[in-house]
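Those letters in the sequence shown? Residues 1 to 297, by the numbering used here. Don't be surprised by glycine CBs; every beta carbon is placed ideally from N, CA and C. First comes the structure, then the notes that go with it.
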Amino acid sequence: MMLDDSENKDIWYRWLLSRRDGENTERRKETLRQLSPIRDKVLERADLADSGTLLDVGCGDGLIGLGALESSSYNVIFSDISSDLLEYCRDIVTESGLLNRCRFELLSADNLHTIASDSVDVITTRSVLIYVSDKRKAFSEFFRVLKPGGRVSLFEPINSFGNADRERSWMGYDMLPVIDLYQKVRKGMQREDANVTDEGRNPMIDFDERDLISLADEIGFRHIFLDYHVVIHPPPPSPVHYLYSTPPNPNAYSMQEAIARTLSQEEEKEFIAHLQPLVESGEGKRRMAYAYLYGSK
Ligand SMILES: C[S@@+](CC[C@H](N)C(=O)[O-])C[C@H]1O[C@@H](n2cnc3c(N)ncnc32)[C@H](O)[C@@H]1O
1 MMLDDSENKD
11 IWYRWLLSRR
21 DGENTERRKE
31 TLRQLSPIRD
41 KVLERADLAD
51 SGTLLDVGCG
61 DGLIGLGALE
71 SSSYNVIFSD
81 ISSDLLEYCR
91 DIVTESGLLN
101 RCRFELLSAD
111 NLHTIASDSV
121 DVITTRSVLI
131 YVSDKRKAFS
141 EFFRVLKPGG
151 RVSLFEPINS
161 FGNADRERSW
171 MGYDMLPVID
181 LYQKVRKGMQ
191 REDANVTDEG
201 RNPMIDFDER
211 DLISLADEIG
221 FRHIFLDYHV
231 VIHPPPPSPV
241 HYLYSTPPNP
251 NAYSMQEAIA
261 RTLSQEEEKE
271 FIAHLQPLVE
281 SGEGKRRMAY
291 AYLYGSK
């Protein structure tokens, strides 16, 4: 179990530091191990020079920003909408004696008002635009704060890929035999405070890789590259409680929480009797896509 005071923190801190990994320290270590190649690819594509200023938008617990700080001599601006996560990053850099190269800004990706125009050499961001309703505004803010020739490097999951499949399958497992129960649970996983737009759009699934290219292009980036990855594979066999206890994103309840909110004991038994053997034997087909977009102003 994790030893932290995350109960008092905001949803972003609680998800990144404990809920994402079922409140388990070993699983958190494994998640960070799995994320490190993505961090490296984002930084490689940012093509860092000897020195400069890097703005990490939606820095979270510091995956990219701390990576840049440690692997280069750049100054790093950590920005996020979560003051708890900014505080977390500040504590880490203070402890490692790197505070003099850092700045911390409580900002939304679509309103970087405390960052001067033409002042930043590199912008990085990972899995942040999926939470931003006005992605065009975010791109235009990235463009505004970058110096001429400045570079952007971002990674986003493309959740619209395989979305139709989620109507009948959960994390790649076939839910058709228990579809009525699954629909109840699926509804129960949605947090009431999730960030859905006024028009009812969900920013996590309302875009794809082509939209990212168009936005960067229309906003004025001169060089634009996009690497698109699709992975379709059987999920690795895993203990069922791993999946039950882990909300897929900060805007969701875990399946365990959703079951408790929506199913009777009888229904829960039927539901689990269907799902557990699939999860434990890895019998399913998971569909994922993600994009690295990088380029310069
Ligand atoms: C999935 S986490 C990714 C964190 C970090 N970039 C990483 O690579 O691990 C999403 C982050 O985006 C932040 N976030 C959510 N909405 C945002 C917004 N509108 N503007 C800036 N950051 C936002 C959250 O606070 C959280 O830190």
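Mapping the DSSP letters down to three states, classify residue i as helix, strand or coil.
i: residue 120; result: strand
i: residue 58; result: coil
i: residue 175; result: coil
i: residue 2; result: Low per-residue confidence applies at residue 2: pLDDT is 46, beneath 50, and the placement is therefore not dependable, though the value from the model is reported in the following sentence. Reduced to three states, the DSSP call for residue 2 is coil.
i: residue 290; result: strand
i: residue 75; result: strand
i: residue 252; result: strand
i: residue 169; result: strand
i: residue 232; result: strand
i: residue 246; result: coil
i: residue 39; result: helix
i: residue 201; result: coil
i: residue 67; result: helix
i: residue 207; result: coil
i: residue 266; result: helix
i: residue 277; result: helix
i: residue 24; result: coil
i: residue 214; result: helix
i: residue 47; result: coil
i: residue 283; result: coil
i: residue 9; result: coil
i: residue 18; result: coil
i: residue 239; result: coil
Mind checking who residue i pairs with in its DSSP beta bridge?
i: residue 161; result: Residue 161 is not bridged to any residue.
i: residue 225; result: 294
i: residue 53; result: 75
i: residue 190; result: 252
Mind checking whether the beta-carbon of residue i lies closer than 7 Å to any heavy atom of ligand 1?
i: residue 170; result: no
i: residue 291; result: no
i: residue 74; result: no
i: residue 110; result: yes
i: residue 295; result: no
i: residue 102; result: no
i: residue 126; result: yes
i: residue 206; result: no
i: residue 282; result: no
i: residue 97; result: no
i: residue 132; result: yes
i: residue 89; result: no
i: residue 60; result: yes
i: residue 50; result: no
i: residue 64; result: yes
i: residue 140; result: no
i: residue 85; result: yes
i: residue 82; result: yes
i: residue 57; result: yes
i: residue 54; result: no
i: residue 16; result: yes
Hey, is residue i's beta-carbon within less than 8 Å of any beta-carbon in chain B?
i: residue 60; result: Among the chains in the structure shown there is no chain B, since it carries only a single protein chain.
query: Mind pulling the beta strand (DSSP E) runs of 3 or more residues that sit fully within the region 79 to 156?
result: As far as the region 79 to 156 is concerned, its whole beta strand (DSSP E) runs of at least 3 residues are 102 to 106, 120 to 126.
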